[in-house]
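Visitor: This structure is in structure tokens; I'll ask about it shortly.
The structure is reproduced here in structure tokens:
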């Protein structure tokens, strides 16, 4: 069973394979194939029984077909089209074809493009700091398991370097924390708390200004309604 983003079987589920998540998909589908007792077939280390082993051959064929189905069903439509062009249902051949197509890409142009996105990322106007940090984390996860895998320390430094000016004070404070206390989780929580406090402060200030304006208008109305005027500083009243 699948939806547009997730493949689900009797064992568990995994996000479907796209050009951006080959490594995480590979880890997940490997676990599912192992639980389905077909991982050795996919890896090419288990072969169809020879001779007249009819029962064993039937079992192998069933597991092989299921393995191909799991691989095919857990990919996005464009990748299914690619697998269909192979014109077979051999799970090992499909596995090798995916490796050649996506692992090579990840090791070259895709990695470069992902790194460029990470280096150019900026917190956009109206974006919350929580969403911004999540977006950087998502990009970095695309590099997991590759030679360009991003460390947590590097990600923290990118966050510090790209936050808007209103975070300058809290960033200075966080930079002076001991390195061992500068985890992504603690840094994120501190930034989110500062942003929340700032929003509340601005909201309170705006409410007070509105209240002051309303009170001033009410006072002016009361005074003018009472025909109380000051003329030329002489204290003349009408």
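Residue numbers (the working numbering): -17 to 220.
All residues carry an ideal CB built from backbone N, CA and C; glycine is no exception.
(1) Quick check on residue -2: does DSSP put it in helix, strand or coil?
(2) Look up residue 12 in the DSSP assignment and say whether it is helix, strand or coil.
(3) Under the rule that 16 or more other beta-carbon atoms within 10 Å means buried, what is residue 45, buried or exposed?
(4) Among 5, 51, 121, which residue has its Cα nearest to the Cα of residue 99?
(5) Taking the C-alpha atoms as reference points, what is the distance between residue -3 and residue 4?
(6) Would you mind stating whether residue 166 and residue 137 have Cβ atoms separated by less than 8 Å?
(7) Residue 81 to residue -13, Cα distance in whole Å?
(8) Quick one: Cα of residue 164 to Cα of residue 157, how far?
(9) Leaving out the 5 sequence neighbours to the left and right, which residues in its chain are closer than 7 Å to residue 26 when beta-carbon positions are compared?
(10) Could you pull the start and end residues of the alpha helix (DSSP H) that residue 136 belongs to?
(11) What residue does the alpha helix (DSSP H) around residue 114 start on, and which one ends it?
Guide: Here's the rundown:
(1) In this structure, residue -2 counts as coil in the three-state DSSP scheme.
(2) Of the three classes helix, strand and coil, the one that applies to residue 12 here is helix, per DSSP.
(3) buried
(4) 121
(5) 10 Å
(6) yes
(7) 21 Å
(8) Their backbone Cα atoms lie some 8 Å apart in a straight line.
(9) 74
(10) 134 to 144
(11) Start and end: 111 to 123.
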